[in-house]
Amino acid sequence: MRKDALLDAAEAVLFEQGTQALTLSAVADRAGVSKGGLLYHFPTKEALVTALVKRVIGEFDELIDSFDDGSPTGYSRAYVQATFEILTGEARAHRRWSAITAAATDPELAAPLNEAMARWHGRAREGDPDPLTGAVVRLAAEGLWEVVGHAPGLYDAEQFDALRRRLLELLEH
C-alpha cells in the first residue's frame with residue numbers, strides 16, 4: 621500500500637473520531653492493511669503524525685507557489701489565494717488541516733508546523749511597497765482560517781468571496 625493511502629486513512633480517523641482515536645491499529649483497520657503493513661511505513665504514531673504534518677505543509681507551499689506571480693505583493697496575494705482555496709475549495713482540505721493540527725499537540729511534533737508558520741508569516745518580498753500591510757493581510761487570512769476551524773458554517777460562499785476580494789484589495793493600496 622502506498623504511504624499516501626495510509627496517510628489518507630489516518631486523516632479520516634482523525635477527522636471522524638478525533639485525536640484520541642488515532643492509533644496505529646485504527647489507521648491500519650481504516651486502510652484495510654495489517655498493523656505490520658502500516659508499521660513498515662510508519663513505525664510509531666509519532667512518525668505517522670510527522671508525515672501528516674509534513675504532507676500538509678508541502679501541499680500548502682505548493683499551493684502558494686501556484687498563485688505567486690513574482691510581483692512585489694505576489695507572495696501575500698498568493699498566501700490569501702491559497703488560504704481561500706483551502707477554506708472554500710475541496711471540502712476535505714480544511715478538515716485535514718484542522719485534524720492534523722490537533723494531532724500535532726506535542727511540541728516536537730508541532731515543530732515543523734511552527735517553523736512553516738514562521739516562514740510563511742516572516743517572509744518579506746523585496747520591493748514590496750508596504751510589507752506591513754502584507755503581514756496584516758496574511759494574519760487576517762490566518763485568523764479567518766482559525767475562526768472557520770471552530771465555526772465551519774459561519775460564512776457562505778458569497779461572504780468568503782467578499783472577504784477574499786477585500787483582503788486582496790488591501791494589497792493594492
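Under the working numbering, the first residue of the sequence shown is numbered 621, with each subsequent residue one higher. Beta carbons: idealized from backbone N, C-alpha and C, even for Gly.
{"Item": "Measure the alpha-carbon distance for H661 versus E679 and round it to whole angstroms.", "Value": "20 Å"}
{"Item": "Does S686 come out as helix, strand or coil in the three-state DSSP assignment?", "Value": "helix"}
{"Item": "Please list the terminal residues of the continuous alpha helix (DSSP H) segment that includes E792.", "Value": "It is not in any alpha helix (DSSP H) - E792 carries neither H nor E in the DSSP assignment."}
{"Item": "Using a Cβ-Cβ cutoff of less than 6 Å, which residues in the same chain neighbour A782 once the five nearest sequence positions on both sides are dropped?", "Value": "none"}
{"Item": "Does the region 751-763 come within contact of the region 692-701, defined as at least 3 CB pairs closer than 8 Å?", "Value": "yes"}
{"Item": "Report the option in A641, L658 and Q637 whose CA atom is closest to the CA atom of A625.", "Value": "L658"}
{"Item": "What is the DSSP secondary structure of E631, reduced to helix, strand or coil?", "Value": "helix"}
{"Item": "So the candidates are P692, G769, D681 and K623; which of them puts its Cα closest to the Cα of P732?", "Value": "D681"}
{"Item": "According to DSSP, simplified to helix, strand and coil, what is F662?", "Value": "coil"}
{"Item": "State the start and end residues of the unbroken alpha helix (DSSP H) segment that holds L729.", "Value": "P727 to G742"}
{"Item": "Using CA coordinates, which residue listed in A632, P749, D750 and T703 is at the minimum distance from V768?", "Value": "T703"}
{"Item": "Identify whether R745 lies in helix, strand or coil by the three-state DSSP scheme.", "Value": "coil"}
{"Item": "Who are the Cβ neighbours of S654 in its own chain at under 7 Å, not counting the five residues just before and after it?", "Value": "A648"}
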